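Asker: Following this message is one structure expressed as structure tokens.
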Ligand SMILES: Cc1ncc(COP(=O)(O)O)c(C=O)c1O
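In our numbering, the protein residues as written are 37 to 446.
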């Protein structure tokens, strides 16, 4: 075995060494062609393929920035020691989103993250520190079993006591189970799902808050995992769902590459000044200040691209896109209903989940699988993003019809 691995490495090293100084363009071009051709059929994951960053990258190369190593290490709101950064743009990205989530002017702090998980990591970590500062006790983490696995992993990473709360058939946290599990003698770190990964269930914040008010844990921190729906909800008719003036959450994490259309993972995290001030300051003298972020070196390119996209799209653009994906998701559900094909869609959701079709359909359309006995077993879902218009939905439904005909014949 050892010999095999060694010889594999040697072959790779030789191949790379032989081509040093040259780039195998044939290989790269074939790869690029395949990716570009496949992108419109990727409908199983919540990634907007309408990226459109050519103009940005042209500007980036033409100005010479492609030859500058920038780094957003440190607190973007404080003067930086490393001046080659894009903190000014990062702050403006956060300034754009904070009011859309109901954060009050001058009472928020945030960063552009490298993903939704990075934002959740900050949410869970900041939540633990906040609760320790209020109660001197480590919290229990409450999260629905259908919430994203990143939360469970992050709880594990911090060695937290975790209560996985059962979810109902639509993927929403079961409130009775939450009430039963809630221990008022320990601080509560509640992670609320704004769109569960598979079914697009939205946890009921009103009901969660009622339980918290009734049982009164010694301290409470609410983190909104809005990685999935936090992109479009603030720009929809249902924006109250992610408005902290209505629901009083303490932090929110959103994925950037899902709704907003980026070529790589991105996101943002926003919290309040009160939460920020209760963090371990970790004074770092060579960076001129306390560094609240978990991650040290951070991308400078990500915030710059985000800023560019916001400038190009604007509030109205996001509103139109938000309305369009919800309308198209409703259309997809209607097409399934016409076929009497088992399919479901939660309120305010761009996810349609349905009986899992044959493997050729799964592979062709890059669909994600799941399983729920309550809904008959094998499932798949389509998350309708901006690149999945009516034409694509119709083509997909043609394949579902073909599959139905083939499976009844068997
Ligand atoms: C509900 C939810 N939370 C968190 C994440 C993780 O986000 P990311 O992939 O940006 O790390 C996802 C990803 O699909 C998600 O659906």
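Using N, Cα and C, we set each Cβ at its ideal position, and we do this for glycine too.
Note that the structure is a prediction, hence the values are computed from the model and not measured.
Name the residue from 420, 313, 358, 422 whose alpha carbon lies nearest to the alpha carbon of residue 272.
Answerer: Against the chain shown, residue 272 aligns to sequence position 236. Comparing Cα-Cα distances from residue 272 to each of 420, 313, 358, 422, the minimum goes to 358.
Asker: Rounding to the nearest angstrom, what Cα-Cα distance links residue 205 and residue 238 in this structure?
Answerer: Here residue 205 corresponds to residue number 169 of the chain shown, with the count starting at 1. Here residue 238 corresponds to residue number 202 of the chain shown, with the count starting at 1. Taking the straight line from one Cα to the other gives about 12 Å.
Asker: Provide the residue span of the alpha helix (DSSP H) that contains residue 416, from first to last.
Answerer: Working through the chain shown from its first residue, we reach residue 416 at position 380. First-last for residue 416: 413-419, but that is the beta strand (DSSP E), not the alpha helix (DSSP H).
Asker: Give the single residue among 265, 144, 295 whose Cα lies nearest to the Cα of residue 447.
Answerer: Lying before the first or after the last residue shown, residue 447 is absent from the chain, which here runs from 37 to 446.
Asker: Nearer than 7 Å: is that true of the beta carbon of residue 191 relative to any heavy atom of ligand 1?
Answerer: Along the chain shown, read from residue 1 onward, the residue named residue 191 stands at position 155. Outside the cutoff, so no.
Asker: Do the CB positions of residue 390 and residue 129 come within less than 8 Å of each other?
Answerer: Working through the chain shown from its first residue, we reach residue 390 at position 354. Working through the chain shown from its first residue, we reach residue 129 at position 93. No, these two residues do not count as a Cβ contact at 8 Å.
Asker: What are the uninterrupted segments assigned as beta strand (DSSP E) that are 3 or more residues long and contained completely in the region 181-265, given in chain order?
Answerer: As far as the region 181-265 is concerned, its whole beta strand (DSSP E) runs of at least 3 residues are 197-201, 224-229, 256-261.
Asker: Report yes if the C-beta distance between residue 254 and residue 137 is below 8 Å; otherwise report no.
Answerer: Position 218 of the chain shown, counted from the first residue, corresponds to residue 254. Position 101 of the chain shown, counted from the first residue, corresponds to residue 137. Their beta carbons are not under 8 Å apart, which means residue 254 does not touch residue 137 by this criterion.
Asker: Alpha carbon to alpha carbon, what distance is there between residue 175 and residue 168?
Answerer: For this step, residue 168 is matched to residue 132 along the chain shown. For this step, residue 175 is matched to residue 139 along the chain shown. Approximately 8 Å, taken between the alpha carbons.
Asker: The alpha helix (DSSP H) with residue 429 in it runs from where to where?
Answerer: Numbered from 1 along the chain shown, position 393 holds the residue referred to as residue 429. 426-445 is the span of the alpha helix (DSSP H), which, as asked, contains residue 429.
Asker: Do residue 277 and residue 209 count as a contact pair if the criterion is CB distance below 8 Å?
Answerer: Working through the chain shown from its first residue, we reach residue 209 at position 173. Working through the chain shown from its first residue, we reach residue 277 at position 241. Not closer than 8 Å, so no.
Asker: Alpha carbon to alpha carbon, how far is residue 216 from residue 341?
Answerer: Here residue 216 is taken as the residue at index 180 of the chain shown, counted from 1. Here residue 341 is taken as the residue at index 305 of the chain shown, counted from 1. Their backbone Cα atoms lie some 45 Å apart in a straight line.
Asker: Could you check whether residue 388 and residue 423 sit closer than 8 Å to each other, using their CB atoms as the reference points?
Answerer: Mapped onto the chain shown, residue 423 falls at position 387. Mapped onto the chain shown, residue 388 falls at position 352. Cβ atoms of residue 423 and residue 388: not closer than 8 Å.
Asker: Is residue 229 near ligand 1, with its Cβ less than 7 Å from a heavy atom?
Answerer: Counting from one through the chain shown, the residue named residue 229 turns up at place 193. Answer for residue 229: yes, Cβ within range of ligand 1.
Asker: Return helix, strand or coil for residue 447, following the three-state DSSP convention.
Answerer: The question about residue 447 has no answer, for the chain in this structure spans 37 to 446.
Asker: Which residues neighbour ligand 1 when neighbourhood means a C-beta less than 7 Å away from any of its non-hydrogen atoms? List them by chain order.
Answerer: Working through the chain, the matches are 82, 151, 152, 153, 154, 156, 183, 184, 186, 229, 231, 232, 233, 261, 263, 264, 291, 293, 294, 301, 303.
Asker: Could you tell me which of 187, 313, 59, 107 sits nearest to residue 154, measuring between CA atoms?
Answerer: On the chain shown, residue 154 is found 118 positions in, with the first residue counted as 1. If we check each option's Cα against that of residue 154, 187 comes out closest.
Asker: To the nearest angstrom, report how far apart residue 301 and residue 329 are at their CA atoms.
Answerer: Against the chain shown, residue 301 aligns to sequence position 265. Against the chain shown, residue 329 aligns to sequence position 293. Distance between the alpha carbons of residue 301 and residue 329: 18 Å.
Asker: Can you find the residues in the same chain that come closer than 8 Å, C-beta to C-beta, to residue 38, ignoring five residues on each side of it along the sequence?
Answerer: Here residue 38 refers to the residue found at position 2 of the chain shown. Here residue 38 scores only 36 on pLDDT, less than 50, and its place in the model should not be relied on; the value that follows carries that caveat. Result list for residue 38: empty, nothing under 8 Å.
Asker: At which residue ranges does the region 295-361 contain complete beta strand (DSSP E) runs of 3 or more residues, listed in the order of the chain?
Answerer: Entirely contained in the region 295-361, the beta strand (DSSP E) runs reaching 3 residues are, in chain order, 303-307.
Asker: Can you tell me whether residue 399 is helix, strand or coil according to DSSP?
Answerer: One-based indexing of the chain shown puts residue 399 at position 363. In this structure, residue 399 counts as helix in the three-state DSSP scheme.
Asker: Leaving aside the five residues before and after residue 8 along the sequence, list all residues of the same chain whose C-beta is less than 6 Å from its C-beta, in chain order.
Answerer: Nothing in the structure corresponds to residue 8, since the chain is present only between 37 and 446.
Asker: Determine, using beta carbons only, whether residue 127 and residue 113 come nearer to each other than 8 Å.
Answerer: By 1-based counting over the chain shown, the position of residue 127 is 91. By 1-based counting over the chain shown, the position of residue 113 is 77. Yes, Cβ-Cβ distance for residue 127 and residue 113 is below 8 Å.
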